[in-house]
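A short worksheet on the structure shown next.
Number of protein chains: 6
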Amino acid sequence: MSAGGTVVHKLDSWRLNSEPYYQPVGHEVEAFMAAHAARLPLLLKGPTGCGKTRFVEYMAWRLALPLVTIACHEDLSAGDLAGRWLLDAQGTHWQDGPLALAARYGGICYLDELVEARSDATVLLHPLADTRRMLPLERHGELVHAHRDFQLVVSYNPGYHGMQKGLKPSMRQRFTALEFDYPDAAVEAAIVAREGDVPLDIATQLVALGQRTRRLQEHGLEEGASTRMLVHAAILLREGLLPRAACMQAIATPLSDDADISAALRGVVHASFV
Amino acid sequence: MSAGGTVVHKLDSWRLNSEPYYQPVGHEVEAFMAAHAARLPLLLKGPTGCGKTRFVEYMAWRLALPLVTIACHEDLSAGDLAGRWLLDAQGTHWQDGPLALAARYGGICYLDELVEARSDATVLLHPLADTRRMLPLERHGELVHAHRDFQLVVSYNPGYHGMQKGLKPSMRQRFTALEFDYPDAAVEAAIVAREGDVPLDIATQLVALGQRTRRLQEHGLEEGASTRMLVHAAILLREGLLPRAACMQAIATPLSDDADISAALRGVVHASFV
Amino acid sequence: MSAGGTVVHKLDSWRLNSEPYYQPVGHEVEAFMAAHAARLPLLLKGPTGCGKTRFVEYMAWRLALPLVTIACHEDLSAGDLAGRWLLDAQGTHWQDGPLALAARYGGICYLDELVEARSDATVLLHPLADTRRMLPLERHGELVHAHRDFQLVVSYNPGYHGMQKGLKPSMRQRFTALEFDYPDAAVEAAIVAREGDVPLDIATQLVALGQRTRRLQEHGLEEGASTRMLVHAAILLREGLLPRAACMQAIATPLSDDADISAALRGVVHASFV
Amino acid sequence: MSAGGTVVHKLDSWRLNSEPYYQPVGHEVEAFMAAHAARLPLLLKGPTGCGKTRFVEYMAWRLALPLVTIACHEDLSAGDLAGRWLLDAQGTHWQDGPLALAARYGGICYLDELVEARSDATVLLHPLADTRRMLPLERHGELVHAHRDFQLVVSYNPGYHGMQKGLKPSMRQRFTALEFDYPDAAVEAAIVAREGDVPLDIATQLVALGQRTRRLQEHGLEEGASTRMLVHAAILLREGLLPRAACMQAIATPLSDDADISAALRGVVHASFV
Amino acid sequence: MSAGGTVVHKLDSWRLNSEPYYQPVGHEVEAFMAAHAARLPLLLKGPTGCGKTRFVEYMAWRLALPLVTIACHEDLSAGDLAGRWLLDAQGTHWQDGPLALAARYGGICYLDELVEARSDATVLLHPLADTRRMLPLERHGELVHAHRDFQLVVSYNPGYHGMQKGLKPSMRQRFTALEFDYPDAAVEAAIVAREGDVPLDIATQLVALGQRTRRLQEHGLEEGASTRMLVHAAILLREGLLPRAACMQAIATPLSDDADISAALRGVVHASFV
Amino acid sequence: MSAGGTVVHKLDSWRLNSEPYYQPVGHEVEAFMAAHAARLPLLLKGPTGCGKTRFVEYMAWRLALPLVTIACHEDLSAGDLAGRWLLDAQGTHWQDGPLALAARYGGICYLDELVEARSDATVLLHPLADTRRMLPLERHGELVHAHRDFQLVVSYNPGYHGMQKGLKPSMRQRFTALEFDYPDAAVEAAIVAREGDVPLDIATQLVALGQRTRRLQEHGLEEGASTRMLVHAAILLREGLLPRAACMQAIATPLSDDADISAALRGVVHASFV
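Chains as they are written, first to last, in my numbering: chain A, 221 to 494; chain B, 221 to 494; chain C, 221 to 494; chain D, 221 to 494; chain E, 221 to 494; chain F, 221 to 494.
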């Protein structure tokens with residue numbers, strides 16, 4: 221049973237060890253379940269750090285499926301997804317890439333920021349994302365028919381990619397999609413309090429600060445503070461930093477290099493904590 | 221008979237296992253048969269998701285031929301089509317690429333979105349696409365004369381490629397061509413009802429919605445909802461989502477990231493289902 | 221005699237098996253023979269599908285020489301022409317590229333659409349194309365003196381390459397050249413009738429249609445229908461399609477994606493066949 | 221215990237041999253300790269040569285952790301950080317890159333001038349920089365969970381990168397950040413005196429000169445003299461050069477090639493030392 | 221003496237077998253001899269086909285030196301000149317590139333159209349082209365001190381390279397240089413008569429035609445007919461073509477694709493031969 | 221002691237065999253000695269052929285150190301400097317690049333025209349050029365601490381690189397720098413007389429000619445004649461050429477391809493020698 225053991229091992233390292241904390245903000249769980257029932261591919265749109273990745277982790281846990289995550293970038297090629305030949309003492313052997321692993325053994329394959337990937341990587345998803353559900357490993361001379369537990373999930377942030385970058389219609393037409401945004405203030409405060417291990421009133425103050433930074437997007441800030449950043453500030457507070465120092469370090473200083481925007485962010489921090 | 225067995229196996233994985241559902245919309249079946257009788261290469265033009273791929277699958281099934289499908293992209297090179305040398309314990313062996321497989325053993329080779337391919341990949345088709353019907357595998361030092369069952373089919377969507385991308389005359393002049401469009405409303409509704417497993421009246425409503433989105437192309441939408449998207453919406457409905465939620469997830473949200481167009485799409489969804 | 225046998229075999233796959241049908245349109249046969257007698261390189265200029273390749277095949281047959289054809293493209297490199305080292309169980313061995321094969325063993329080397337090739341590929345032709353008649357295989361550490369039967373023939377279509385692409389003077393000055401155009405109507409009709417296996421009156425109608433499309437070049441069409449396209453239409457007619465359907469599929473639909481030009485082409489088809 | 225010995229050895233070459241001299245200029249030590257306690261990633265912003273690298277060395281010494289430093293550049297790829305397969309007599313073996321070493325065995329990984337790195341290198345940091353703290357070594361088929369002593373520190377100089385270069389929001393949102401600047405005159409003079417081994421009055425004069433060059437940034441100088449340059453001048457003085465010659469060689473000549481700015485710098489040197 | 225035999229063999233293939241015909245047009249032989257006596261590098265400037273290559277061949281014959289010729293192009297890299305490691309059954313062995321061969325064993329290394337080469341190839345010449353006369357083979361870990369018989373000669377045509385291409389001052393300053401042009405009419409006619417094996421009066425008519433084409437350079441022709449082209453016309457005449465047909469094929473048709481210039485060239489041919 | 225012998229041998233080929241002739245023009249020797257005493261990196265700025273390379277050779281001889289020279293270019297990569305893995309019968313072995321050799325065994329490493337190098341090559345110098353004095357050989361998994369005799373010297377010519385090319389501040393701030401120019405007329409004449417082996421009056425005339433060409437820089441000439449070019453002219457004179465012919469070949473013809481500037485240079489030659 222060593223081969224079977226190997227298979228289990230390969231995907232086991234991609235299983236979650238504990239239930240991820242996730243607070244639903246709408247009907248996204250039902251929407252995911254409906255797409256999953258028919259194995260329709262799912263596209264998640266929304267700003268950085270609003271919880272898309274955590275949501276996918278939560279769904280993978282709930283469905284008891286391994287989660288293979290791939291962060292896309294401009295140099296991500298088809299070979300990085302599909303696999304490649306490696307040379308060893310016996311000659312060469314084929315090593316499945318993460319997409320091939322998920323398709324072959326079953327699991328959720330989550331491609332984060334798909335619009336960043338190269339065209340050859342994107343096109344590789346076409347036959348996996350329609351009714352054919354197959355992955356041609358051309359360099360391996362093999363046509364993988366996807367495991368029944370395989371599901372494709374991708375995400376991107378439509379906000380900060382310029383007009384020049386986006387999904388081609390041939391890609392869009394293969395996906396069902398959900399739109400995400402930051403949670404409501406009360407929900408977000410609960411998340412910050414829990415993840416940052418701080419009292420709820422502190423968390424509420426941090427959420428108010430975060431919302432003020434998000435309004436600066438109309439004044440040139442690329443993106444406001446994500447829930448993740450508010451959690452960072454809570455953690456630094458918990459570790460003993462003063463509120464303003466924690467917020468500067470966790471929120472204002474990382475968010476921008478622009479002198480005017482930095483001054484505005486500093487103003488927001490000073491107005492939020494005395 | 222192991223070599224023969226290998227040959228059969230190679231192309232057998234590219235054979236269709238069951239008859240694909242296809243509803244003819246004109247004389248395309250006769251046109252394909254005439255081109256096939258003389259083994260003239262065929263070019264299919266039309267929008268994404270209107271049924272080109274399904275049509276080729278149907279014809280391959282009807283002609284009882286393997287169908288080798290290749291999704292073209294900007295990094296698709298001649299080596300990806302023709303094959304390459306792989307290193308193993310005995311030194312190197314040659315592995316045919318998908319085009320060489322189809323040419324050598326006989327079958328339909330279907331290149332989807334040909335205009336996306338690199339020039340070296342495109343030019344490799346020249347001697348296969350005229351009366352020579354040969355494929356020079358220069359790196360293998362071999363000149364493959366195409367199997368009598370080999371036929372070349374390519375497709376692309378002339379709508380969303382800019383002026384800068386298109387086939388060169390030396391390519392166009394080697395192909396016969398058919399133009400595709402979305403089917404008539406009644407035919408499309410029948411397809412959606414059958415593929416989405418929903419009652420015909422629901423399918424008819426979805427087709428009406430789809431047609432409204434296609435009219436938005438004059439207002440900046442890159443492409444309207446394909447038949448495939450309408451099937452997605454039907455499936456989500458069947459899985460228990462409410463009509464508006466199903467149509468948002470299957471159609472409106474994936475189709476565009478633009479705020480104005482998204483609002484228009486939402487309006488279309490709300491007007492179509494109460 | 222195995223080495224000799226190998227040599228013969230290598231070029232034998234590039235020999236023509238039967239006499240190609242070719243109808244001379246001027247003194248091109250004499251011009252080719254004079255250049256061949258002194259082994260002067262020859263450049264053929266003219267539109268796609270007007271018979272340049274067929275002419276070279278005919279001359280190779282008449283001179284009883286192998287014909288090594290290379291379709292040039294933007295990624296064609298010197299290594300693709302000259303050869304490369306391949307790894308096998310005994311280490312590496314050198315594999316001649318098609319140009320080296322032709323130069324070493326004697327034959328016509330025909331480079332189609334030379335202007336598309338990369339500069340390193342083009343420059344490799346310099347010492348072969350002047351009185352030195354040699355090919356330095358630098359990676360093989362060898363200087364091949366061309367076989368006395370070696371002759372270099374290249375072609376390109378000056379019509380559709382933009383101003384930015386063309387041969388450099390250092391290349392032009394090494395070649396003698398012939399200009400090709402579509403044959404006269406009567407000659408072309410004879411070709412279409414013979415190649416498409418249709419009666420001469422049908423072929424004459426098709427040639428008239430072809431000439432009308434060529435006049436559309438002044439109205440934005442990139443290239444008019446080639447003789448090859450007319451033969452395609454004849455074949456589809458022979459296979460049972462109606463004349464208009466055959467001409468749309470073989471000529472009008474492949475020629476252009478532009479709405480206005482497509483309408484003009486459809487008009488030409490409808491005016492030519494009732 | 222040879223394997224363990226190897227592990228120790230690998231990171232031991234990245235340990236500091238003696239305490240680096242560092243003079244705190246604010247609360248940066250406490251800020252680092254708070255981020256380190258929660259293993260939050262840290263981003264240091266500030267001009268070249270103001271002491272960012274020295275600060276990280278000091279913190280690594282204080283925390284008794286190895287410090288793996290990586291200077292980023294436009295060609296730095298994911299493979300350079302993660303590792304690669306190397307061929308040896310037994311076939312291939314995997315060699316961890318510096319980031320993988322730090323993540324696997326525990327230590328501070330410091331990426332200098334992160335904005336210069338290629339996108340595939342940057343994206344590799346994503347799962348290491350959030351709560352997942354993992355590094356997928358896709359080519360090794362391994363998912364490394366970061367050692368509990370692993371911490372990620374990056375730096376860049378927002379001043380001289382153009383608008384076109386900067387961190388993407390998805391990166392910024394994962395980091396807490398500190399801003400650095402040149403130290404106060406008295407602190408800087410103490411540093412120059414100690415590092416350059418010159419009397420304090422000489423060091424004070426050099427710091428005054430440095431501050432004058434920094435004011436030239438408003439007149440087109442890319443960056444003023446760093447503390448490091450002032451130390452260089454002190455060293456050349458100590459080696460016997462005359463003050464003006466030492467300052468020209470250490471400060472004015474390297475700082476600019478522009479004729480006008482060079483004249484201004486020469487004026488500053490002549491005004492500072494007689 | 222096998223090693224010595226190998227050495228002799230390597231460069232022997234680059235020796236000329238017979239005296240090249242060369243007709244001096246000025247003091248270029250003395251100038252070459254003076255540069256050669258001190259082994260100063262020599263740069264030859266002049267139009268295509270005016271005899272630069274033939275001159276270098278003649279000097280190599282006269283000096284009884286091997287002549288290693290390298291045609292430069294945009295993809296010519298340092299490795300193509302210096303050499304590379306090749307894999308064989310015993311592991312790898314180093315193979316000298318043509319520049320290394322000439323430097324190591326002594327001979328004239330002639331780089332044609334140097335401005336086309338990549339910068340890494342050009343820079344490799346620096347230490348060979350000054351008093352150091354050495355070639356660092358970095359990948360071989362070797363520093364080759366040039367053989368005393370080594371001399372560097374390069375050429376290019378300043379006429380048709382745009383402003384954007386040219387030698388850098390660091391290259392120019394290492395070379396002595398000679399300027400070439402087409403020979404006088406009488407000398408050129410003697411060359412054409414001898415090389416084309418035609419009577420002198422025919423050769424004189426061809427030279428007159430050539431001079432007329434050169435005047436067309438002021439009217440947009442890139443380069444007029446070279447001496448080589450006139451020889452081609454003479455050969456085609458000798459092979460039995462009529463004068464106008466020979467001149468069209470050898471001169472007018474290859475020289476230009478532009479309709480107006482082609483008409484002017486045809487006029488020049490018709491005016492030259494009845 | 222074979223290993224030691226190998227070490228000595230490696231750097232011995234980079235030792236100078238005889239004292240280079242160098243005529244100091246200012247306090248550059250003292251400046252070099254001071255930087256060398258503290259092992260501060262040194263940057264030499266100045267025009268081509270003014271003696272920078274010779275100066276470094278002289279200092280290496282005087283300090284009895286090996287001199288490893290690297291000519292930088294646009295394709296110079298980190299691997300070219302640091303080293304690479306080579307395959308042999310025993311698997312792979314690491315071969316130090318020239319920078320690693322100098323750092324490991326001690327010597328002056330001189331990078332000529334540093335601004336031409338790729339960013340990954342430049343960044344490799346950072347940790348070697350500051351107080352860390354270390355070279356991370358990431359592909360070798362090794363951190364080289366520089367030998368105590370290692371010193372880094374780089375040069376470039378700020379005159380002819382456009383605004384777009386220059387050193388980044390992070391590089392400038394690590395170097396001390398000296399500026400070079402052509403020597404005074406008397407010194408330059410002595411150099412030309414000695415190196416060219418001609419009488420001083422001839423050398424003086426050549427220097428006067430050189431100075432006239434340098435004034436043409438204001439009229440569009442990229443660079444005037446370097447001392448090296450004047451030496452070339454002296455050598456050609458010594459070999460028997462007439463003065464004007466020698467100066468045309470050594471100075472005027474190589475310096476420019478521009479018709480107007482060439483005429484001006486010819487005028488300068490004719491005015492200088494009758």
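We treat Cβ as the ideally placed atom computed from N, Cα and C, and that holds for glycine.
Run through the DSSP bridge pairs and tell me what residue i is partnered with.
i, result
"E:P356", "E:L363"
"C:V374", "C:L263, C:L331"
"D:H313", "D:L306"
"B:L287", "B:I328"
"B:E399", "B:K265"
Ignore the nearest five residues each way along the sequence and tell me which others in residue i's own chain have a CB closer than 6 Å to its CB.
i, result
"A:H293", "E336"
"B:L334", "C292, V374, Y376"
"D:G444", "T433, R434, Q437"
"E:S482", "S476"
"D:K272", "L264, G266, S375, F400"
List, in order along the chain, the chain D residues whose C-beta lies closer than 7 Å to that of residue i?
i, result
"A:G317", "E358"
"F:P378", "D477"
Run through chain D and tell me which residues come within less than 8 Å of residue i, C-beta to C-beta.
i, result
"A:W234", "L363"
For residue i, return the contacting residues in chain F, with the cut-off set at a CB-CB distance below 8 Å.
i, result
"E:E399", "T473"
"E:D340", "H293, E294, D295, L296"
Who are the Cβ neighbours of residue i in its own chain at under 7 Å, not counting the five residues just before and after it?
i, result
"A:H490", "R464"
"B:P240", "R274, E277, Y278, W281"
Can you list the residues of chain F that residue i reaches, using a CB-CB cut of under 9 Å?
i, result
"E:L263", "T473, P474"
Can you pull the chain C neighbours of residue i, defined as C-beta to C-beta under 7 Å?
i, result
"E:L497", "Nothing in the structure corresponds to residue 497 of chain E, since chain E is present only between 221 and 494."
Below 8 Å CB to CB, which residues in the same chain sit around residue i once its five sequence neighbours on both sides are set aside?
i, result
"A:A341", "C292, L296, S297, A298, D300, L301"
Evaluate contact between the region 421-438 of chain A and the region 387-399 of chain A, counting only Cβ atoms and requiring at least three cross-stretch pairs below 8 Å. no
Can you confirm whether the region 368-377 of chain A touches the region 251-263 of chain A when touching is taken to mean that 3 or more C-beta pairs between the two stretches lie within less than 8 Å? yes
Relative to chain D, which residues along the region 463-494 of chain A have a C-beta separation below 7 Å, given in chain order? A465, Q469, A470, T473, P474, L475, D477
For the 8 Å Cβ check, are there 3 or more pairs between the region 320-339 of chain B and the region 276-293 of chain B? Contact check between the region 320-339 of chain B and the region 276-293 of chain B: three or more CB pairs, one atom from each, fall below 8 Å, which counts as touching.
Are at least three pairs of beta-carbons, each pair with one atom in the region 463-473 of chain F and one in the region 395-413 of chain F, less than 8 Å apart? no
Taking contact to mean at least 3 C-beta pairs separated by less than 8 Å, is the region 403-423 of chain E in contact with the region 454-463 of chain E? The region 403-423 of chain E and the region 454-463 of chain E touch, with no fewer than 3 CB-CB distances between them shorter than 8 Å.
Using a Cβ-Cβ cut-off of less than 9 Å, give me the residues of the region 435-449 of chain C that come near chain B, in sequence order. E442, E443, A445, S446, R448, M449
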